Structure formats: structure tokens, C-alpha cells
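Those sequence lines, one after another, are chains Y and L.
The first sequence begins at 5 in the numbering used here and counts up one residue at a time.
The second sequence begins at 4 in the numbering used here and counts up one residue at a time.
Each residue gets a CB set at the ideal place from its N, CA and C atoms; glycine is no exception.
It should be emphasised that the depicted structure is a prediction, and the values quoted were computed from it without experimental measurement.
Inspection log for the structure reproduced underneath, given as C-alpha cells.
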Amino acid sequence: MSHYVVRRALLTLVTLFLFSLILFLLVRRLPGDAALLKSAAGETSGPVDPSVTVALRKQFHLDRPVLVQYFEWVVSISHGDFGRSFWTGDRAAQDLLTALPVTLELVVLSVSFSVFIGLLVGVVSAVQHDRPVDHALRLFALFGLSIPNFWVGTILILVPALFWHYLPPLGYTSILQDPATNLRQFLAPAAALGWALSASIMRLTRSEMLEVLNQDYVRTAWAKGLRARSVLLNHCLRNAFIPVITIIGVQVGFLLGGTVAVESVYGLPGIGTLLINGINQRDYPIIQTGVLALALWFILINFLVDLAYALIDPRIRLSAEGAAG
Amino acid sequence: MAISLDAGVLEPQRSRGWGAAAAVAFARRKPLGAAALVILLGLILIALFARAIAPYDPLSQNYDAVLQAPGAGHLMGTDNFGRDELSRVVYGARISLSVGVVAMLIGTVGGVVLGLLSGYFGGLLDLVLQRIIDAWIAFPVIIFALVILVSLGQGLLQAMIAIGIVGIPATSRVVRGTVMEKKESLYVGAARAMGGSHLRVMLVHILPNVMSTIIVLATLTLGRAILAEAILSFLGVGIPPPQPAWGSMLGGNARTYFLAAPWMAIWPGIFISLTVISWNLLGDALRDVLDPRLRGV
Numbered sequence: 005m006s007h008y009v010v011r012r013a014l015l016t017l018v019t020l021f022l023f024s025l026i027l028f029l030l031v032r033r034l035p036g037d038a039a040l041l042k043s044a045a046g047e048t049s050g051p052v053d054p055s056v057t058v059a060l061r062k063q064f065h066l067d068r069p070v071l072v073q074y075f076e077w078v079v080s081i082s083h084g085d086f087g088r089s090f091w092t093g094d095r096a097a098q099d100l101l102t103a104l105p106v107t108l109e110l111v112v113l114s115v116s117f118s119v120f121i122g123l124l125v126g127v128v129s130a131v132q133h134d135r136p137v138d139h140a141l142r143l144f145a146l147f148g149l150s151i152p153n154f155w156v157g158t159i160l161i162l163v164p165a166l167f168w169h170y171l172p173p174l175g176y177t178s179i180l181q182d183p184a185t186n187l188r189q190f191l192a193p194a195a196a197l198g199w200a201l202s203a204s205i206m207r208l209t210r211s212e213m214l215e216v217l218n219q220d221y222v223r224t225a226w227a228k229g230l231r232a233r234s235v236l237l238n239h240c241l242r243n244a245f246i247p248v249i250t251i252i253g254v255q256v257g258f259l260l261g262g263t264v265a266v267e268s269v270y271g272l273p274g275i276g277t278l279l280i281n282g283i284n285q286r287d288y289p290i291i292q293t294g295v296l297a298l299a300l301w302f303i304l305i306n307f308l309v310d311l312a313y314a315l316i317d318p319r320i321r322l323s324a325e326g327a328a329g
Numbered sequence: 004m005a006i007s008l009d010a011g012v013l014e015p016q017r018s019r020g021w022g023a024a025a026a027v028a029f030a031r032r033k034p035l036g037a038a039a040l041v042i043l044l045g046l047i048l049i050a051l052f053a054r055a056i057a058p059y060d061p062l063s064q065n066y067d068a069v070l071q072a073p074g075a076g077h078l079m080g081t082d083n084f085g086r087d088e089l090s091r092v093v094y095g096a097r098i099s100l101s102v103g104v105v106a107m108l109i110g111t112v113g114g115v116v117l118g119l120l121s122g123y124f125g126g127l128l129d130l131v132l133q134r135i136i137d138a139w140i141a142f143p144v145i146i147f148a149l150v151i152l153v154s155l156g157q158g159l160l161q162a163m164i165a166i167g168i169v170g171i172p173a174t175s176r177v178v179r180g181t182v183m184e185k186k187e188s189l190y191v192g193a194a195r196a197m198g199g200s201h202l203r204v205m206l207v208h209i210l211p212n213v214m215s216t217i218i219v220l221a222t223l224t225l226g227r228a229i230l231a232e233a234i235l236s237f238l239g240v241g242i243p244p245p246q247p248a249w250g251s252m253l254g255g256n257a258r259t260y261f262l263a264a265p266w267m268a269i270w271p272g273i274f275i276s277l278t279v280i281s282w283n284l285l286g287d288a289l290r291d292v293l294d295p296r297l298r299g300v
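Quick look at the structure:
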């Protein structure tokens with residue numbers, strides 16, 4: 005097992021190195037640079053002073069060869085320094101930490117929503133297998149997968165506004181400051197995201213439940229005369245739940261980068277908004293730090309999922325060790 | 004004595020019927036999938052004959068008819084520039100479907116080539132390719148597409164390329180798995196034993212046998228590509244205005260008018276949803292018919 009862990013960890017490091025290189029080169033391919041934009045923004049009118057642009061480029065080290073810049077970046081990261089925003093001068097890591105709680109709250113709420121809906125709908129769908137209710141619920145899940153979440157978000161603002169003249173407070177209030185307002189701000193976007201996520205949980209729960217429902221111990225439980233709730237929750241769902249946990253892990257990884265559009269609809273200053281602004285302003289340190297953090301998170305989750313699988317199923321680690329040896 | 008051998012006899016029988024009988028059988032077995040197919044054909048016709056169907060020029064502004072509610076003159080109403088919503092939605096089908104199809108082709112061809120090479124040759128090539136794919140997959144999809152798109156410059160072709168590139172790794176992973184499995188089959192061994200080159204074995208013997216997997220993946224990729232285009236255009240980095248992309252009709256300045264003119268928010272959203280729902284329904288139906296093992300992909 006330790007051999008497997010080391011091998012996987014090394015491969016993960018290789019992945020991370022490749023990722024950071026691709027990211028760095030890609031970001032530097034963005035047309036126009038921050039120095040140009042910033043020197044242009046400084047002027048009220050008239051042409052940009054080229055000497056200002058040159059000075060800014062020098063200040064940001066943009067005048068050095070790209071690979072040298074990459075090397076400098078990696079070295080400074082290893083010292084815990086992720087660079088400063090070209091525009092505000094703030095530490096990029098600090099900006100990220102400010103945006104993180106917003107996105108994290110959105111992720112936690114929408115994943116809770118999707119788990120609740122997904123499990124409920126999945127269990128009902130399995131119990132009602134191939135009956136009209138099952139078909140309707142599967143369609144409900146497919147709609148969630150297909151309808152763009154930013155449109156669901158828009159409709160969730162529009163319908164109450166048109167029919168009941170209710171507008172949710174857009175923007176962001178910290179949960180510590182005003183929990184009630186905070187909840188009203190997050191409920192709709194979390195529902196919009198959660199619906200899409202619930203589809204995969206629902207599909208998986210349904211197929212797992214269908215398998216479990218045919219097991220002998222479930223038949224025994226029914227035969228003992230246990231109540232439906234007890235059989236379904238204690239005997240079935242508990243066993244069907246393990247693969248669902250994996251999906252939830254994957255979703256949390258995916259969601260951190262997938263909230264962009266919904267954040268934009270609801271004016272939430274999360275990581276998506278931070279990255280969009282960073283890309284528009286060519287704020288390299290912000291883009292690099294943000295995307296790297298998302299990827300780290302994603303890679304870490306994948307690594308843990310792989311390890312969990314290997315722990316559960318010896319065949320996986322044995323075959324991997326065979327391949328390595 | 005001449006021995007004639009054809010490695011093909013060892014391959015599983017593939018159904019070759021794609022005619023009317025197959026279509027009727029498909030409709031019987033998968034009515035929802037068939038309905039989705041009909042809707043998609045309708046959308047494709049709308050896209051192809053947009054010029055004949057749209058009552059107005061989708062770009063022409065009319066300041067005498069700003070924010071008009073749906074009615075006789077404008078069936079779906081007008082937007083804040085007095086442009087006809089129906090005409091814009093009809094032309095939007097062109098953008099949405101063309102970006103979806105081309106991005107799907109890029110993602111599928113790229114994914115199949117990488118998956119085929121990685122799965123067939125295995126070993127060091129597989130190890131290296133899979134690490135690149137790992138790094139590729141680690142990019143958050145929309146952010147990755149956004150960065151590529153901005154670095155290429157906004158536009159139709161650029162959106163196709165950016166969304167296509169983002170779709171490659173997922174397809175390649177699944178194809179790789181299926182190829183690794185097929186590689187062990189008797190017919191592949193036989194084809195190699197008879198002196199078939201690697202290229203021939205891959206293209207003539209393995210590729211047709213993973214085709215059903217590829218078709219199913221391609222359909223699902225198409226739905227995702229259309230959704231991705233909508234999100235990018237909504238964020239204002241996809242298809243540049245004034246082009247009538249469904250996503251951009253729902254984003255940017257248009258949002259300020261939604262309360263006064265809700266129809267501006269309704270129609271493009273309905274069309275995006277209808278299109279993606281149809282592709283996903285078709286993909287699900289094809290998966291059940293062609294390759295049930297792909298459930299959950």
C-alpha cells in the first residue's frame with residue numbers, strides 16, 4: 005500500500021508541475037498585458053505614454069523571458085508568496101482568501117441541497133421503478149442537467165419579482181454580520197446550482213438502490229415485517245450511499261470553478277467573480293493563484309478518491325504495483 | 004492448399020441497419036429519444052433556413068419599437084434596441100448548433116486519437132499522455148475555456164476551438180478504457196498475428212468496435228458544448244455582440260431590462276434548455292440502445 009501511495013503522490017506532483025506550466029504559458033498568451041491596460045487607464049485623455057508602459061512592465065517583471073518569469077513564480081510560491089495584484093497591489097493570496105468564503109458557502113449550500121433532493125428523488129424513483137413517477141423524476145433530473153444554471157438563477161429572481169414584487173437582496177452580506185440577509189442572498193443561487201448537481205446523485209442513488217432492493221437481506225427485512233421507512237433507510241440507503249459519497253467529493257471539486265455564471269447573476273464576490281475580473285484586467289498573479297488553488301483542490305480530491313478506492317479494493321493497488329514493477 | 008483467413012469473423016456482429024426499420028424500432032423502444040430527435044431536426048432546419056423563417060433582420064435596430072411585448076407585429080416581442088426577438092432566437096440557433104457541432108467534433112476527434120493511442124500502446128506513452136490529461140482535466144472547465152477564448156480573441160471560430168479543447172480529456176479517458184478492454188480480444192490478436200500493422204489494427208479492427216461508445220459520448224459532449232457556449236456568451240466573452248447568441252441575449256446590459264420586458268429573458272433560455280435537453284435525451288436513449296455500460300458517464 006505504501007508503495008502505491010508514493011507512486012500516486014509522485015504522479016500527482018508531475019501533474020501539478022505540468023498544470024502550473026500550461027497555466028503560466030496560457031495566461032501569458034492573453035492579448036494585451038496589464039502594463040498596457042494600466043498605463044492606458046491612468047491617462048485621462050490622449051495617447052498612452054510608452055515610457056510609463058515600459059516602466060510598469062519592468063516593475064511587474066513582464067520584460068523578462070517567459071521561462072525566467074515562470075521560474076521566479078515557482079520559487080516565490082515555494083516561499084509562500086503568490087505575488088501581488090498588478091492593479092490593487094494586494095496580495096493575491098489575500099484576495100483569494102477574501103473570495104473563498106463566498107464561494108465556499110455557495111458550494112456547501114448547493115451540495116447540501118443537491119444531496120437532499122438527489123437522495124430523495126433517487127430513492128423514490130428506485131422504489132417506483134419503471135412506473136410513471138420514476139419516468140417523471142428521471143426527466144426532472146435530466147432537466148436539471150440541461151437547463152443552464154444562470155438561466156434558472158435569472159428566473160428565480162424574475163418570477164417572484166413579477167408576481168409578488170419580491171426582490172432578493174443581491175450582493176453579499178457576511179453570515180456573521182447578518183445571517184438572515186445572507187441566507188436570502190444564497191438560497192436562490194444554491195437552489196439553481198443544486199438542481200443541476202442533484203441529477204448525478206439521483207441517477208447514482210437510483211441505480212444503486214435498484215441493485216440493493218433485490219438483495220436477500222432486504223427481502224428478509226421486508227419478510228420480518230419491518231416498516232417501509234426502516235427497510236429503505238436502514239437496509240437499503242445505507243448500503244447504496246458509499247458510491248454517492250464519491251460523487252459528492254467530485255462535485256465539490258467541480259463546483260469551485262463552476263459557480264462563475266451564478267455568482268455573476270447574483271452579484272456574489274466569489275472566486276468566479278475574482279477570476280473573471282482578473283482575466284479581464286490581465287491581472288496575472290490573481291488568475292494564476294486562483295486557478296492554481298482550484299486545480300490543487302481538484303487534484304487533491306482525486307488523489308484522496310483514488311486512495312480510498314485502493315483501500316477498499318485491493319485489486320486496484322495490486323495492478324498499479326504490477327504496472328510499476 | 005490456400006488457407007483464407009479473415010480476422011473479421013472473430014469480431015462481434017455489428018448491426019448495420021440504419022434505415023427506416025431501425026428508426027421505427029428506435030422510436031418504439033425509446034419514445035423520448037425519438038421525440039428529442041424530432042425536436043433537434045426541427046432546430047437544425049430552423050438554423051439552416053433562418054433567413055427564410057426570421058421575419059426581420061436580427062441585427063436591425065428600430066427605436067420606434069423598443070421593448071414591445073409579444074404581439075402581432077413581433078411574435079416574441081422586441082429587445083431594448085427594438086430588435087425582433089423571434090428573428091434573433093432563430094439566428095441564435097445557427098450560432099448555438101454550429102458552435103456545438105464543431106466543438107463536439109474537435110473534442111471527439113482529439114479525444115479519440117489520444118484515447119486510442121494511449122489505450123492501444125499503453126506503457127510509457129500511456130503514462131506520459133495520462134499525466135498531461137490529468138493536468139488538462141484539473142482545469143475548471145468554464146475558467147479554462149474562458150482563458151483559452153480570451154487568449155485567442157473573441158469570435159465564433161475561437162469559441163468552437165476553446166470549447167472543443169476543453170472537451171478532449173473526458174472523451175479520451177473513456178475511449179482509452181474501452182480500447183484497453185478491446186485490445187485483449189481474440190480478433191485483435193488474430194489481426195496482429197496475420198501481420199496487420201498497428202495503424203491498421205487500430206483503425207480497422209478496434210475503432211469500429213468502440214464506435215458505439217464514441218457516438219454516445221459525442222452526443223453528450225454536444226449538449227455540454229452548447230451549454231458551455233451559452234455560459235461563455237452570457238459572461239460576455241463568447242460570441243461578441245451584436246451577434247444573436249442565446250447566451251449573450253441573457254447577459255450583460257440586457258439584464259437591466261428583464262423586469263420591464265421579461266420576454267427578453269424567457270425565449271433565449273427556453274431555446275437553450277430545449278436544445279440541451281434534446282441532445283441529452285437523445286444521448287441517453289442512444290446509450291441505452293448502443294452501450295448500456297456507459298451509464299453514469
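Measure how close the beta-carbons of residue i and residue j come, nearest whole angstrom, since I'm counting them as under 8 Å.
i, j, result
"Y/D138", "Y/S150", "Their Cβ separation, rounded to whole angstroms, is 19 Å, which puts Y/D138 and Y/S150 out of contact at 8 Å."
"Y/A96", "Y/S89", "6 Å"
"L/N56", "L/V92", "This sequence places Ile at residue 56 of chain L; Asn is not what is there. With 8 Å as the limit, L/I56 and L/V92 do not qualify as a contact, their Cβ atoms being about 10 Å apart."
"L/G255", "L/G239", "5 Å"
"L/G103", "L/L220", "Their Cβ separation, rounded to whole angstroms, is 14 Å, which puts L/G103 and L/L220 out of contact at 8 Å."
So which residues on chain Y does residue i lean against when the C-beta distance must stay under 7 Å?
i, result
"L/N2", "Lying outside 4 to 300, the shown extent of chain L, residue 2 of chain L is not represented and no answer is given."
"L/P303", "With chain L running from 4 to 300 in the structure shown, residue 303 of chain L is simply not present."
"L/R195", "Residues of chain Y passing the Cβ test: none, with the nearest at roughly 21 Å."
Taking C-alpha atoms, which residue in the options lies nearest to residue i?
i, options, result
"L/S188", "L/V105, L/P271, L/A173 and L/N212", "L/N212"
"Y/G283", "L/I229, L/I218 and L/I146", "At residue 283 of chain Y the sequence reads Ile, which differs from the Gly that was named. Measuring from the Cα of Y/I283, the nearest candidate turns out to be L/I146."
"L/A38", "L/W282, L/D291 and L/R290", "L/W282"
"L/L262", "Y/Y270, Y/P164, Y/V125 and Y/Y74", "Y/P164"
"L/Q64", "L/A23, L/L202, L/T81 and L/I209", "L/T81"
"L/W270", "L/I136, L/P73, L/V41 and L/A25", "L/P73"
"L/L155", "L/S215, L/R86, L/G241 and L/V204", "L/G241"
"L/H208", "L/V182, L/L230, L/A23 and L/R258", "L/V182"
"Y/L66", "Y/L40, Y/V52 and Y/S82", "Y/L40"
"L/L48", "L/A96, L/H77 and L/E88", "L/A96"
"L/Q157", "L/G45, L/A68, L/P243 and L/K186", "L/P243"
"Y/V127", "Y/K62, Y/M206, Y/T158 and Y/W168", "Y/M206"
"L/G204", "L/R227, L/L230, L/Y190 and L/S215", "Sequence inspection shows Val at residue 204 of chain L; the Gly mentioned does not correspond to that position. Comparing Cα-Cα distances from L/V204 to each of L/R227, L/L230, L/Y190 and L/S215, the minimum goes to L/Y190."
Could you check the C-alpha separation between residue i and residue j for me, to the nearest Å?
i, j, result
"L/A193", "L/G122", "18 Å"
"L/Y59", "L/M267", "16 Å"
"L/R290", "Y/T57", "56 Å"
"Y/Q219", "Y/H239", "10 Å"
"Y/S114", "Y/V256", "10 Å"
"Y/D85", "Y/L259", "26 Å"
"Y/G329", "Y/L17", "Summary for Y/G329: the model assigns pLDDT 32, below 50, so the residue's position carries little reliability; its value from the coordinates is reported in the next sentence. So the two alpha carbons sit approximately 20 Å from each other."
"Y/K228", "Y/L217", "15 Å"
"Y/D310", "Y/L15", "12 Å"
"Y/G326", "L/I234", "Model confidence at Y/G326 stands at a pLDDT of 47, short of 50, so the residue's coordinates are unreliable; what they give is reported in the following sentence. Computed Cα separation, rounded: 44 Å."
"L/R176", "L/A53", "37 Å"
"Y/G122", "Y/S43", "51 Å"
"L/L119", "L/L202", "10 Å"
"L/A5", "L/R195", "Residue confidence is low: L/A5 scores 48 on pLDDT, short of 50, so the model does not pin down where it sits. Its coordinate-derived value is still stated next. If you take the alpha carbons of L/A5 and L/R195, they lie about 20 Å apart."
"Y/L34", "L/P143", "18 Å"
"L/Q71", "L/E232", "28 Å"
"Y/L60", "Y/L104", "29 Å"
"Y/L27", "L/W139", "10 Å"
"Y/G261", "L/S99", "23 Å"
"Y/R12", "L/R134", "11 Å"
"Y/I251", "Y/S204", "8 Å"
Report the neighbours of residue i on chain Y: residues whose CB is nearer than 9 Å to its CB, in chain order.
i, result
"L/V302", "The structure shown does not extend to residue 302 of chain L, since chain L is modelled only from 4 through 300, so no value can be given for it."
"L/F237", "P152, F154, W155, A265, S268 and V269"
"L/S99", "Those do not exist, as L/S99 stays about 11 Å from chain Y at its closest Cβ, beyond 9 Å."
In chain L, what lies closer than 9 Å to residue i by C-beta?
i, result
"Y/V9", "Correct list: empty, because the minimum Cβ distance to chain L is about 17 Å."
"Y/I305", "In chain order: nothing, as chain L lies at least about 10 Å away."
"Y/F23", "D137, A138, W139, A141 and F142"
Give the residues of chain Y in contact with residue i, contact being defined as C-beta atoms less than 8 Å apart.
i, result
"L/L262", "L162, A165 and L166"
"L/L230", "S150 and P152"
For residue i, go through chain L and note every residue whose CB falls closer than 8 Å to its CB, in chain order.
i, result
"Y/R33", "S154"
Residue i versus chain L: which residues are under 7 Å apart at the beta carbon?
i, result
"Y/I280", "L238"
Is there contact between the region 236-253 of chain L and the region 293-302 of chain Y, where contact requires at least three CB pairs shorter than 8 Å? Pairwise C-beta distances place the region 236-253 of chain L out of contact with the region 293-302 of chain Y, as fewer than three of them are shorter than 8 Å.
Assess contact between the region 263-273 of chain Y and the region 66-85 of chain Y, defined as three or more Cβ pairs (one per stretch) separated by less than 8 Å. Is contact present? As far as the Cβ criterion goes, the region 263-273 of chain Y does not touch the region 66-85 of chain Y, which means the pair count is below three.
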